[in-house]
Structure formats: structure tokens, C-alpha cells
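Enquirer: Dropping a structure here in C-alpha cells format, bear with me for questions.
Residue numbers (the numbering used here), protein chains in the order written: chain A, 1 to 146; chain B, 1001 to 1380.
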């Protein structure tokens, strides 16, 4: 009898096919929806997030270093760049990468540990990982996105 | 009988209120003042107030036009001071600081160049100084600045600036020791053709020189009408008045201040941790001199939990409750007045002849160049 309820719940979840809830997914999908009218796609997708609290030189340098790769990812619809701090970005980068701009700064309030810069990987409508890129991080963006 | 009792109670209450030191220099709400700046592209740290005759102006660095803009608070009109005539010396950038003294005298500083210009309201360069001297102690690697906690000021032929060592990265103990052994407030004598260093003052308190850091790298300083400097620091309850060679120390502790833990050095590059640490820590934000009333205001922020109760969002700087501590010219603490962050913003606290302006949240959707202030009256 004591196994009945968990069993029913497991069967229900398996039948409906819905993925178990995940706080990061909840926060990020809610943000994408309310701020930009977007939803997390089924195919693997990456988001580069640049909040207000960021190191200008570090972020511009990282984007500039791999600009052709990032442009190709954006063109292919596999990468979206979001910022609440458009002023911090160099003009050529803004033009070549096309950022979604969060004018209300809601990005800065998300409890996702995304200060400085973060790469969010999504798949099957869920957040699968969030990599926080700090100022001393030498990892190339292409390694985080591939 | 009841009437007599009520009258006695009222009289006692009034007497207590008039004698209570807490009510001296009380900040009484007077009215709200809405202003619209000429652009949303301005340097927020440059915003200040000047008085010309009977007219008050807000001044700020317009980064879009590279001008200093003066907003007439009575008429709403904007005057512009062009900065292009200084281009041959140094083009103005975001790292540009100025001190508006009067229409004939606006001191301009270009960070890292060690060049100071004196211009007038037409933007004409009247004089320029290049600081060539080493800092006391033979330190040659330093930059001039005027951070908002330590703005550029002028008094009797002397210019008060900030000197920041550029030979140090504050992520290791030997460099931390060096950094906090070096005061930051630089006084220059500009009465002659050469700018000469008069002093480098504002020693970091002992707790900053004990191999611990608190994410505080900029001292706070204001200059009073006698040219004396009052120093304060983000996690120190004391304030320090430098008058010549004497230093007067006074306790200016906020009732809600709790000493934060030291910041772990291994998180020096982790912006996520830095943000959390700063939100959760009590901090003294700045010290401001009121030349119209000969008072000092110390701004204290209270630490709050980083995560909101539902865990979906995190708090920001603007969510921290803050208070204004009012100190008289002898550094006696007259009052501490708390401000609700749901209504007020700590961004701008500006003394003007009519009282104290405190920036306020705008409820409706608004542009970035729209600002709202509450004016608080401090008259007896």
C-alpha cells in the first residue's frame, strides 16, 4: 500500500511525458517568456547572458576572440545573446551579434549565478547547464557552446 | 481632570520632542521634484548641484554629446558646456571628471593622463597642469581620479583629488598590504604654473591593514568650507577629520550596522560571490558635506538576504534599506533617519539651499533621463 502513491505518480509522469520540474528551467523559461515572448526549444540551444555587473574588457575580449564562430551559431539559430547592459558592449559586436536587450534589467534579478557572463545550455525545453564565466576564466566560449 | 491630563501629556511630549537630540536636524519631507535630463546617456556619478545667483542647476556629464550639461531647475532649460576645445590635450571619455566651481572655473581631469584643465563655460581652456611628481614614498605608478566617493573639490588654491596606485592587483597579501598602506586623497597646490603635491592623506584604518579585505577599495572623503577633509570607510564606524596636521576622530555608527565578515581572497574574481557579499553586508556608502548648513551626511546601507524567499530572484543594491546619519560640524551625531528602499533610492543624496534631495523611485514606466527626488527640509 505504501508504494502505491509513488507508483501512481511515476506512471502519471511517464504517461504525460513531462520532464520533472527544475528550478533553473522554471526561472529561465519564465524569464524568456515574459521578457521576450520566447520559449526554450527542443533542440540544443545556447544563450550567452551578459548582466549589468560585468567586466567590460573581459566580456568584449571573450566575444571578440571568437566572433566568427559566434556569428555562425547565431546565423544557424543555435545561439541567442541577451544583455541588460548594452552600453558595456563594443559597437561592432552589437551590430554583428544582434543582442536581445533587457531594458528593465530583469536579467539581473534572476537567481541563476550569472554575474559577469554566463552560458546557458538548453535541450528538450529544459536548462541542462549554466556555466558562469568569471573574469579569470580562460576557457574559450566555443568550448562551452559546442 | 481628563482635559488637564491630556494637556499635561501634550506639553510633556512637546517639551521632550524639542529637547530630544534625535529630533535636531530632522529631515522633514517637503515636496517631490521631478526633473528631465537632456539625455539618457549621462554619467550617473557626475550628477551634482550648483547655485548661480538665485538659480539652482543640476550638472552632469553628457556622454552622448561630450558636454557638461546644466539643467536649470526653475525653467527646465539646459545649457551646454562643450569639451571639444580640450581635445588637443586629451579627448573626454567616460573616464572624465570635473569640478564645477563657477562659470569661469570648471576643473577637468582625465583619468590616467595626470592632466588637469581649467575651462570656462564656453569650453575655452584657460590653464592646464600636468602632475609630474611622484607620490610621497617614491610611488610613480599611480593614476589621478575623482571617484564619486571622493569627488574633485577646490578650496583656496588647492585641488582635492584621488590618487590610485596602478602597480597593484589586490588579490594577494603583499599587494593588499601595499595598497592599504597608501592613502588615496591627494591635495594639489595649483596656485602656480606647476601643480605641486601638498599632501596624500586619509590613512586606511587599522582594520584594513590587518590582512583582511572587505571589497572596499575606495576611501570616502568630503571637503568642508574650511578646506578640512572628513574621511570615512565602508566598514568602519569612525570618521576622521583632517585639519592640517591634526586628526579628529568621531564615532558615527549606524544603529543597524553589523561588521561584515572578511571577504575571501579566493573569490576575488567571482562576480557572483562579490554580488552576494555586497548585498548581504552592511556598508557605509559615502560621506557628504552640506555647505549650506555646515553639516555632514553619512550614508549607511543595511545588509539583506541575497535570495528572495521564493528563490526565484536575487536582491539588488537598490533593495537595501539605507539611512542618513546627520553629523554637525563638530562631528556630533544628531540623527539617523531610515529610508525605505521601496520608495527611495540611495543613488543621489544632494544638499541644496532649500534642504536635502534624496532620489526616489518612479512608479510609472519612464525614460532613463527622468529622475524624481524628494526634498527634505532641515530647518529648525
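Heads up, the beta-carbon is just placed ideally off N, CA and C, and yes, glycines get one too.
In this text, all values refer to a predicted model and were calculated from it rather than measured experimentally.
Take every Cβ of the region 27-46 of chain A, pair it with every Cβ of the region 74-89 of chain A, and state whether three or more of those distances are shorter than 8 Å.
Expert: Output reads yes: the region 74-89 of chain A touches the region 27-46 of chain A.
Enquirer: Excluding sequence positions up to five away, which residues of its chain have a Cβ less than 8 Å from the Cβ of residue 67 of chain A?
Expert: 93, 96, 97
Enquirer: Any beta-carbon of chain A closer than 8 Å to the one on residue 1316 of chain B?
Expert: Closer than 8 Å: yes.
Enquirer: Touch check for the region 1193-1205 of chain B and the region 1125-1137 of chain B: three-plus C-beta pairs under 8 Å?
Expert: The region 1193-1205 of chain B, when compared against the region 1125-1137 of chain B, does touch it at the 8 Å Cβ threshold.
Enquirer: Could you work out which residue in B/1086, B/1121, B/1116, B/1187 is closest to residue 1136 of chain B when comparing CA atoms only?
Expert: B/1187
Enquirer: Identify the contact partners of residue 110 of chain A in chain B, using a Cβ-Cβ distance below 9 Å as the criterion.
Expert: Correct list: 1312, 1313, 1314.
Enquirer: Please report whether the beta-carbon of residue 1269 of chain B lies at a distance below 8 Å from any beta-carbon of chain A.
Expert: Cβ-Cβ to chain A under 8 Å: yes for residue 1269 of chain B.
Enquirer: Work out the CA separation of residue 1157 of chain B and residue 1190 of chain B for me, nearest whole Å.
Expert: 6 Å
Enquirer: Quick one: does residue 1307 of chain B have its CB under 8 Å from some CB of chain A?
Expert: yes
Enquirer: Apply the 10 Å Cβ neighbour rule to residue 1216 of chain B and answer buried if 16 or more other Cβ atoms are within range, or exposed otherwise.
Expert: It is buried - the Cβ of residue 1216 of chain B has at least 16 other Cβ atoms within 10 Å.
Enquirer: Since residue 1288 of chain B and residue 1351 of chain B should fall inside the 8 Å C-beta cutoff, what is the C-beta to C-beta distance between them, to a whole number of angstroms?
Expert: 7 Å
Enquirer: Is the distance from the Cβ of residue 1319 of chain B to the Cβ of residue 1304 of chain B below 8 Å?
Expert: yes
Enquirer: For chain B, is any of its Cβ atoms less than 8 Å away from the one on residue 116 of chain A?
Expert: True, the Cβ-Cβ gap to chain B drops below 8 Å.
Enquirer: So, under 8 Å CB-CB, residue 1150 of chain B and residue 1221 of chain B are touching, yes? Tell me the CB distance rounded to an integer number of Å.
Expert: 5 Å
Enquirer: Can you check DSSP and say which residues form a bridge with residue 1108 of chain B?
Expert: In the DSSP output, where bridge partners are listed per residue, residue 1108 of chain B has B/1098, B/1117.
Enquirer: Rounded to whole angstroms, what's the CA-CA distance from residue 90 of chain A to residue 64 of chain A? Just pull it up for me.
Expert: One C-alpha to the other measures close to 9 Å.
Enquirer: Does residue 120 of chain A come out as helix, strand or coil in the three-state DSSP assignment?
Expert: strand
Enquirer: Rounded to whole angstroms, what's the CA-CA distance from residue 1369 of chain B to residue 39 of chain A? Just pull it up for me.
Expert: Residue 39 of chain A has its alpha-carbon roughly 32 Å from the corresponding atom of residue 1369 of chain B.
Enquirer: Taking the alpha carbon of residue 1295 of chain B as the reference point, which residue from B/1332, B/1283, B/1309 has its own alpha carbon closest?
Expert: B/1332
Enquirer: Counting beta carbon pairs with one atom in the region 122-141 of chain A and one in the region 23-31 of chain A, are three or more of them shorter than 8 Å?
Expert: Yes, they touch.
Enquirer: Taking all protein chains shown into account, decide if residue 138 of chain A is buried (16 or more other Cβ within 10 angstroms of its Cβ) or exposed.
Expert: It is exposed - the Cβ of residue 138 of chain A has fewer than 16 other Cβ atoms within 10 Å.
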